[in-house]
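Protein chains: 2
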Amino acid sequence: MPINTALIDNPKSDRVRHVADLASRRTRERTGRFLIEGPQSVREAVRWRPDVVQDLYVEVTESVRGARPISLTVQAIEDESQDSTIYVHHVTGDVMRRISKDAQGIAAVGNAAAMRTRPADVRLKPGDLVAAFWQVRDPGNAGTVIRAADAAGCAAVIFVDDCVDRLNPKVIRSTAGSLFHIPVLAMGTDEFFAFCHDRGAEVWAADVYGTADRKPESLPDALAGRGGEPGRPTAVLFGNEARGLDAAELVRTDRIVSIPIYGKAESLNLGTSAAIMLMSMAMSSHAGTIWAV
Amino acid sequence: MPINTALIDNPKSDRVRHVADLASRRTRERTGRFLIEGPQSVREAVRWRPDVVQDLYVEVTESVRGARPISLTVQAIEDESQDSTIYVHHVTGDVMRRISKDAQGIAAVGNAAAMRTRPADVRLKPGDLVAAFWQVRDPGNAGTVIRAADAAGCAAVIFVDDCVDRLNPKVIRSTAGSLFHIPVLAMGTDEFFAFCHDRGAEVWAADVYGTADRKPESLPDALAGRGGEPGRPTAVLFGNEARGLDAAELVRTDRIVSIPIYGKAESLNLGTSAAIMLMSMAMSSHAGTIWAV
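If you read the protein sequences in the order shown, they are chains U and P. Numbered according to UniProt numbering, the first sequence terminates at residue 293, and the numbering increases by one at each position without gaps. Numbered according to UniProt numbering, the second sequence terminates at residue 293, and the numbering increases by one at each position without gaps.
In structure tokens, the structure reads:
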């Protein structure tokens, strides 16, 4: 798309205020748009989901050749966006600071509806992995686990029950672009278990305590014999960062699996636990590991 | 030790200022003391390294039964400290806020010399794991990797070359108590390689790129056949969070190992990489895994 040559230089203009207001969940829900901040997130959005990106805001500075993007990184993202229908706007430093403190020279506005994946559109093959998070509340954690699920090659991420909004700008920043690599869905607890059942997926709970009559099995034991032929798809359900999973969820899962702690550490945080469990499962499948316990 | 019954209620007193000043590295080096903040870190220090803890500062509040610690958590830590030579001081909320914004009612002053582990005191058995970090600069990362090394049952953590001070209060908070579970040493690069050589330890570099003539091997491949009899001790060297390892370090290592990325994520951060690699190595040893690649 052509670049809007008119420089946006008024931080108080309605357009600028409306973009900045996308930091608020209410505004996102009212307008159906969301904010993408910083070179990494914006580049991944432009590269993988140009259909989602509506407007690109690029900070420019005066040079002998007229207004130029403030860095080669930002310039490269603007160039890449030209293959698509993304509308590019040049803005001053004041305007960019008003749009976001975390933009580092580039921000984008996305279409929330285009980011929505319908559960019916998610099909699972044998061996596929799904990462599910119940009541994850911290934006940084939510972003970190989406990034870990992406690295492990998960087919989808599901935020179950009452979780942080996946289009929260801090969540998006923390995913380091992974939000635009894999489908991230949100659904209720019953809907999640029905989703897994309908697709023949085994549900693992990642939990340290288990229930009165079901102690967790250790991750290496649970991975035993996962090598070779890919088995049923597996969904791993992780609990809230503070409270973990309730018995009500645990009893509905097929297996309860915990990461062994070999030292004196009491626990691992949610992001670390998700990375270890999802990557171990992915490595054991891909590498065809045979765990001899 | 008896609890000092005189309530410390003057935030401007020299004693209080001296404790608060331990947030500065210069003050820690000048005084040979360091600050431990918050119930989790202080409890682990009192429980595992009472020899290190000199003074305990406990926030109290007036009750019908006189001044009492502000919470049962804090009370329990004070009680546990009574088996040792730790000197307990009761302070007001104003004083505690002056000591640290992150104390949540309890802080302690430790003896830096008592925390120091001499390399000569570290002996390694077959199968032992050492986690080493070259030029780790971010306090949060440093704490996270110490916690991951603890969870993986590492025999020691080594900060190599120019790293953040392991007694930085934010590092200590981020370790969630693990700093008091395992020895954490600091040494130069040459000293590190000599340390490993003297103990017959194999040195792995955790690196995505490798060198021109040594591409990294994939983690599951590197773990192949690690099950069964414990082999040589292994030290894993991780690079700086931004730049990774330089060729100068890579060429001195026995193996270069990278974590496979199965999705579209570009990379994993240092804390996540360390947790995945160290826990995978620990699980494959402990569970006697045979990786059939």
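The beta-carbon is built from N, C-alpha and C at its ideal position, and this holds for glycine as well.
- Annotation: Val-74 of chain U is outside any beta strand (DSSP E); the continuous alpha helix (DSSP H) that includes it extends over 72–81.
- For the pair Gln-135 of chain P and Met-277 of chain P, the Cα-to-Cα distance works out to about 18 Å.
- Comparing alpha carbon positions, the residue from U:Asp-21, U:Pro-183, U:Leu-270 closest to Arg-97 of chain U is U:Asp-21.
- Within the same chain, Val-52, Gln-54 come within 6 Å of Asn-111 of chain P by CB-CB distance, once the 5 residues on both sides are set aside.
- The DSSP assignment places 139–151, 169–174, 189–198, 219–223, 247–250 as complete runs of the alpha helix (DSSP H) inside the UniProt domain "tRNA/rRNA methyltransferase SpoU type" (130–278) of chain U, in order along the chain (cut-off: 4 residues).
- Distance from the CA of Gly-32 of chain P to the CA of Val-60 of chain P, rounded to the nearest whole angstrom, comes to 28 Å.
- Contact between Leu-124 of chain U and Ala-23 of chain U does not hold, since the beta-carbon distance rounds to 35 Å and is not under 8 Å.
- Excluding residues up to 5 positions away in sequence, Pro-183 lie with their Cβ nearer than 8 Å to the Cβ of Asp-121 of chain U in the same chain.
- Shown here for Ala-67 of chain U: same chain residues with a beta carbon closer than 8 Å to its own, the five before and five after excluded, namely Leu-7, Val-60, Thr-61, His-90 in chain order.
- Per DSSP, the unbroken beta strand (DSSP E) holding Ser-63 of chain P starts and ends at 53–63.
- The DSSP-derived three-state label of Pro-39 of chain P is helix.
- Against chain U, the CB of Tyr-262 of chain P has a partner CB under 8 Å away; the residue lies at that interface.
- Here Val-160 of chain P is not near Phe-180 of chain P, since their CB atoms are 8 Å or more apart.
- In the three-state reduction of the DSSP assignment, Val-46 of chain U falls in the helix class, which pools H, G and I.
- Within the DSSP secondary-structure output, Pro-69 of chain P pairs in a beta bridge with P:Val-60.
- Below the 8 Å Cβ cutoff, chain U contributes Gly-263 as neighbours of Cys-154 of chain P, in chain order.
- Residue contact with chain P for Pro-230 of chain U: absent (no Cβ-Cβ distance below 8 Å to any residue of chain P).
- Taking C-alpha positions only, Gly-231 of chain P is separated from Ile-261 of chain P by approximately 27 Å.
- Between Ile-106 of chain U and Val-42 of chain U, the CB-CB gap stays under 8 Å.
- Per DSSP, reduced to three states, the secondary structure at Ala-114 of chain P is helical.
- Taking the CA atoms as reference points, Arg-25 of chain U sits about 11 Å from Leu-35 of chain U.
- In the three-state reduction of the DSSP assignment, Arg-17 of chain P falls in the helix class, which pools H, G and I.
- Taking the C-beta atoms as reference points, Gln-40 of chain P is found nearer than 8 Å to Ala-176 of chain P.
- Excluding its 5 nearest sequence neighbours in each direction, Arg-252 of chain P has C-beta neighbours in its own chain below 7 Å: Phe-193, listed in chain order.
- Comparing alpha carbon positions, the residue from P:His-197, P:Glu-80, P:Asp-221, P:Ala-132 closest to Leu-270 of chain P is P:Ala-132.
- Taking 8 Å as the cut-off, the Cβ atoms of Thr-92 of chain U and Asp-221 of chain U do not count as close.
- Boundaries of the alpha helix (DSSP H) around Ile-99 of chain U: 93–99.
- Residues of the region 173–193 of chain U that bring their beta carbon within less than 8 Å of a beta carbon in chain P comprise Ala-176, Gly-177, Ser-178, His-181, Ile-182, in sequence order.
- Contact of Leu-219 of chain P with chain U is assigned, a C-beta pair being separated by under 8 Å.
- At least one CB of chain P lies nearer than 8 Å to the CB of Ser-280 of chain U.
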